[in-house]
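In the numbering used here, the protein residues as written are 66 to 462.
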Amino acid sequence: MAKQDILTTTINLSIDNGSSHVKGIYDDLSRTFIFPNVVAQPFGERYLLMEQGEPLDFLDVQITSPAIETDQYRHVYVGNLAIGDEGIVHEIVGDKAVQKKAQRPETMVTLLTAAAYAIAMKHEDAIKSGKSRIKAAVNLGTGLPIREITHFREEFSRKITGGVHSITFVTTPLFKGVTVEMEFSLPTDISIDDVSGVYDMEATSKSQLSHKGFGIADVGGVDMDIAFFRPGLDLDQRHSTGAKIYLNDALESIRNEVNAHGEELIGSTAELTKMLVSKEYEIYAEGKVAFDMTNLVNRHMRILAEKVLKYARNSWKNVRYANEFWFIGGGAIVLQPWIEKLNAELGLPIRFDKTEYSQFRNVRGTFFLLDHALKHADEAAASIENEKGSEGGSGSD
């Protein structure tokens, strides 16, 4: 029997494992993807009507990893496929939201799935030509919230770099039967989530943040990270902090109240987040408005916006050099209308990132840092080789 032909590859990848959505960039800034941070343990067998569709919408994977100890995560649906599944569905709400991101098994499940997806997409043509096994060296950039970075960075790093991780796509269109084996390195260690976003803002916006003192809050589905920078993008570690705001729990409450009026009109908090970002407050069924959740959303989001603004102001009032305060992240997009209404009475110099960039700030900034580190490593290696070559050729005949 002939030995199976293995494709060997290297990929540069950044992943922002947000509590609502997982964002990724691989090889260059134009190659991006995003999927809901939802994991489901399948119930029964999945039957395909057609082996068609986008692989990202049908992430059905088997996982073998030293970082995942329990059998319940060996075979899972991830992202869009997990939403509304009849099996056991895991979203980052309730008890899951209380857990540390670095310690939640779902964090590793979605990180490994995202990495395998990126590798498979990179070699889509080879897979179409019959390749079914890929071995990948992954240069990874990823981050943790400010509240976790000091105590959980090493533990999280060990999970990622401690051995070979394997993902097999089960029924995923195009990638069905493909196995991706991965070994990770962390050239930039584990970064701080919202600090990474600042680097992307400075590189791509006209705000000239490097000349200012400012504060910034990365608002996620569970955590809100607050960082302060002196002019020159000098991070103020003394005043930078974080808090849990449990946005996902508020969204889950809205979802439950909506669904109590009929069948399951909203399948997940990730689906509701997408609706709120698009300002879609009316839910349609059979071509008619089945439920208008405007008042319900206003009630919950105003309470949460007050909480978020209070956290920001309590931190900001002690930082005299910060002349403005920014909000970024998916949670900021959701809460922006209510924070702006509250601030209309306060008149504070509060800024919001552009909607089209806000969700991807951290993953883009992380990719910038990763790319910079790898280029400098290559330059240093080339310099050493040149020095060796000069020494080797300096002797007389």
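Positions of the beta carbon are idealized from the N, C-alpha and C atoms, including for glycine.
Let me know the beta strand (DSSP E) ranges lying completely inside the stretch 240-306, each 3 residues or longer, listed in chain order. 244-250, 255-257, 279-284, 288-295
Along the chain, where does the beta strand (DSSP E) containing Q127 start, and where does it finish? 124-129
For L114, count neighbouring Cβ atoms within 10 angstroms of its own Cβ and tell me buried if that reaches 16, exposed if not. Because L114 carries a pLDDT of 48, less than 50, the predicted location of this residue cannot be relied on, and the following value inherits that uncertainty. Exposed is the call here.
Contact between the stretch 240-249 and the stretch 273-282 (3+ Cβ pairs under 8 Å): no
Taking buried to mean at least 16 other C-beta atoms within 10 Å of its own C-beta, is T73 buried or exposed? exposed
By the three-class DSSP mapping on this structure, what secondary structure does N383 have? coil
For L78, which of helix, strand or coil comes out of DSSP? strand
Which of the three DSSP states is assigned to A105 in this structure? strand
K88 to H216, Cα distance in whole Å? 24 Å
Going by C-alpha distance, which of T420, N324, A397 is nearest M366? A397
Determine the direct distance from the alpha carbon of R139 to that of A105, and round the result to whole angstroms. 11 Å
G327 (DSSP reduced to helix, strand or coil): coil
Cβ-Cβ separation, N427 to A262 (assumed contact under 8 Å), whole Å: Before going further, note that residue 262 is Gly rather than Ala in the sequence given. Their Cβ separation, rounded to whole angstroms, is 5 Å, which keeps G262 and N427 in contact under 8 Å.
Candidates I76, G430, L439, L78: closest to I257 by CA position: G430
Have a look at G286 and I199 and give me their C-alpha separation to the nearest angstrom. 34 Å
From E246, V342, E405, T253, pick the residue whose C-alpha is nearest to that of G395; which is it? V342
Taking F392 and T97 to be in contact with their CB atoms under 8 Å, please state how far apart those CB atoms are, rounded to whole angstroms. F392 to T97, Cβ: 22 Å. No contact.
Would you call the stretch 315-327 and the stretch 288-306 in contact, with 3 or more CB pairs under 8 Å? no
For K196, name the three-state secondary structure that DSSP assigns. coil
If you drop the 5 nearest sequence neighbours on each side, which residues of the same chain put their C-beta closer than 8 Å to that of K372? I310
Give a yes or no on whether 8 Å exceeds the smallest Cβ distance from Y376 to chain B. Note that chain B does not occur in the displayed structure, where there is just one protein chain.
Is DSSP giving N204 helix, strand or coil here? strand
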